[in-house]
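These notes concern the structure reproduced below.
Numbering (our numbering), first residue to last: 897 to 1211.
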C-alpha cells in the first residue's frame, strides 16, 4: 500500500515540477537479478516471505520504470557491472545499437527469454571519453563490437543491462552504457577514490549537455546471504545491504564509503562500484539537491537487491 501511495503522489508531482534547463533530472538503482525480472519462476527454496519479497522487488522495478518514462528523458546513462569488461578500464560502448537476452531464475533462455534492443549514443560516449581523459581519468576508454566506432553492428548485451532496461523500456531514447572494469570483482574497496572522481567528472560533463538525462545503476548487493548459495554465507551480508539502504535514505557517505566499504570485498557485491560512482555524481550536483526514496531492499535468495530513486530538486 505504501508503494502504491508513493507512486500516485509521484505521478501527480511530476506534472507539477518544471525542469528548467534540466540536465540530470533523476538517478535510479535497479537490480539485474532474475528473481526481480519475473517472480513467477521463483520456486526453488522460496517460501511465503521470500516470495512476497520477490514480488515487492519486481513491483518496485515496474514503478521505477514508469517513473523514468514519466520523466521523458532524452538520454539515459546506464552503468553495468556485468558487461563486456576490460581488466582495468571503464569502457563506454561505441556501437550505434545494442541487443541481447536475459532469463529469470529457475527458467533459462530458452524458453524464458527476455530480449531488449536499444539505440546507443556513441557520439556522446566518444565526447565523454575525451572529456574524462582531459580531467586526468586515464582508465577510461571505449569499445566497439564487430565494427568501427559508430558502426551499424549491434553490441551484445546480457543480464546486467537487459534486466534493468526491461523495466525502463527506453523505446527510442538513446543510451550511453558504461561497463565497470573486471578488477572490481575482488578490489571494489580500493577503487573508492577513483570511482568518486569518475562520478564527479561524469556529472560535470553531463550537466553541460542540453538533453534531459536519467542515470540508471544496474546493481545487486551482497551475494553471501545463504550458505547454500554459490558463494557461501557471510554474517556481514546484512550489514552491507543495510548500509546501502541507509545511504539511499540519508545520502550518508559514512554508510556507503565506510560501513559498506569495510565488508564489500567479503560479501561480493557486484553493484558497489556503480553506487560509489553515483555518489560522486550526486555530490557534484550537491547532496542536498536530491530527494531520495528506498522502494525495496530484500534478499529472497542468496543475493540482495535494492530499488532506489534520487530525484533532482529543480524549480
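Note that CB positions come from ideal geometry on N, CA and C, so glycine has one too. Computed from a predicted model, the values in this text were never measured in an experiment.
> How about residue 1076 and residue 1170: are their beta carbons less than 8 Å apart?
Replying inline: As a first step, residue 1076 must be located in the chain shown, where it is residue number 180. As a first step, residue 1170 must be located in the chain shown, where it is residue number 274. In contact: residue 1076 and residue 1170 (Cβ atoms closer than 8 Å).
>> Whole angstroms are fine: how far does the CA of residue 1117 sit from the CA of residue 1201?
In response: In the chain shown, counting from the first residue as 1, residue 1201 sits at position 305. In the chain shown, counting from the first residue as 1, residue 1117 sits at position 221. So the alpha carbons of these two residues sit roughly 6 Å apart.
>> Let's see if you can read the secondary structure: which residues bound the beta strand (DSSP E) around residue 971?
In response: Along the chain shown, one-based indexing puts residue 971 at 75. From DSSP, the beta strand (DSSP E) with residue 971 extends over 971-976.
> Which class does residue 1079 belong to by DSSP, given the choice of helix, strand or coil?
Replying inline: On the chain shown, residue 1079 is found 183 positions in, with the first residue counted as 1. Looking at residue 1079 - three-state DSSP - the assignment turns out to be coil, as it is neither helix nor strand.
> Based on Cα-Cα distance, which residue from 1036, 1058, 966 and 1024 lies nearest to residue 979?
Replying inline: Taking the chain shown and counting its residues from 1, one reaches residue 979 at position 83. Considering only alpha carbons, the answer is 1058.
> Between the C-alpha atoms of residue 1131 and residue 1026, what's the straight-line distance to the nearest angstrom?
Replying inline: By 1-based counting over the chain shown, the position of residue 1131 is 235. By 1-based counting over the chain shown, the position of residue 1026 is 130. Roughly 43 Å separates the two Cα atoms.
>> Can you tell me which residues form a DSSP beta bridge with residue 1189?
In response: Locating residue 1189 in the chain shown gives position 293, counting from the first residue. According to DSSP, which records beta bridges pairwise, residue 1189 is partnered with 1205.
> Does DSSP put residue 938 in a helix, a strand or coil?
Replying inline: If you number the chain shown from 1, residue 938 lands on position 42. Coil.
> Residues in its own chain within less than 8 Å of residue 860 by CB, not counting five upstream and five downstream?
Replying inline: A query on residue 860 cannot be resolved here, the shown segment of the chain reaching from 897 to 1211 and no further.
> Using DSSP with H/G/I as helix, E/B as strand and the rest coil, what is residue 1199?
Replying inline: Translated into positions along the chain shown, residue 1199 becomes position 303. Three-state result, residue 1199: coil.
>> On the criterion of 16 or more Cβ atoms from any shown chain inside 10 Å, does residue 1021 qualify as buried, or is it exposed?
In response: If you number the chain shown from 1, residue 1021 lands on position 125. Answer is buried; the Cβ neighbour count reaches 16.
> Hey, quick one: how far does the alpha helix (DSSP H) through residue 1021 stretch, first residue to last?
Replying inline: Within the chain shown, numbered from 1, the residue matching residue 1021 stands at position 125. Unbroken alpha helix (DSSP H) run through residue 1021: 1018-1030.
> Hey, out of 946, 993, 1160 and 925, whose CA is closest to residue 1195's CA?
Replying inline: The residue given as residue 1195 occupies position 299 in the chain shown. Checked all of 946, 993, 1160 and 925; the closest Cα to residue 1195 is 946.
> Looking at the unbroken beta strand (DSSP E) that takes in residue 998, where does it start and where does it end?
Replying inline: Your numbering for residue 998 matches position 102 in the chain shown. Residues 993-998.
> Counting Cβ pairs closer than 8 Å, one from the segment 1110-1125 and one from the segment 1004-1013, do we hit at least three?
Replying inline: Three or more beta-carbon pairs separated by less than 8 Å are not found between the segment 1110-1125 and the segment 1004-1013, which leaves the two stretches without contact.
> Over what stretch of residues does the alpha helix (DSSP H) that includes residue 931 continue unbroken?
Replying inline: Mapped onto the chain shown, residue 931 falls at position 35. 930-933 is the extent of the alpha helix (DSSP H) around residue 931.
> In whole angstroms, what separates the C-alpha of residue 1168 from that of residue 1157?
Replying inline: Here residue 1168 is taken as the residue at index 272 of the chain shown, counted from 1. Here residue 1157 is taken as the residue at index 261 of the chain shown, counted from 1. Roughly 8 Å separates the two Cα atoms.
>> Give me the DSSP bridge partner(s) of residue 1003.
In response: Looking up residue 1003 in the chain shown gives position 107. Answer by DSSP bridge pairing, in chain order: 1000.
>> Alpha carbons only, please: which of 1033, 1045, 1080 and 1041 is nearest the one belonging to residue 1165?
In response: Taking the chain shown and counting its residues from 1, one reaches residue 1165 at position 269. Of the candidates 1033, 1045, 1080 and 1041, the one whose C-alpha sits nearest the C-alpha of residue 1165 is 1080.
>> Using the three-state DSSP reduction, which class does residue 1168 fall into: helix, strand or coil?
In response: Position 272 of the chain shown, counted from the start, is the residue given in the question as residue 1168. Here residue 1168 sits in helix by DSSP.
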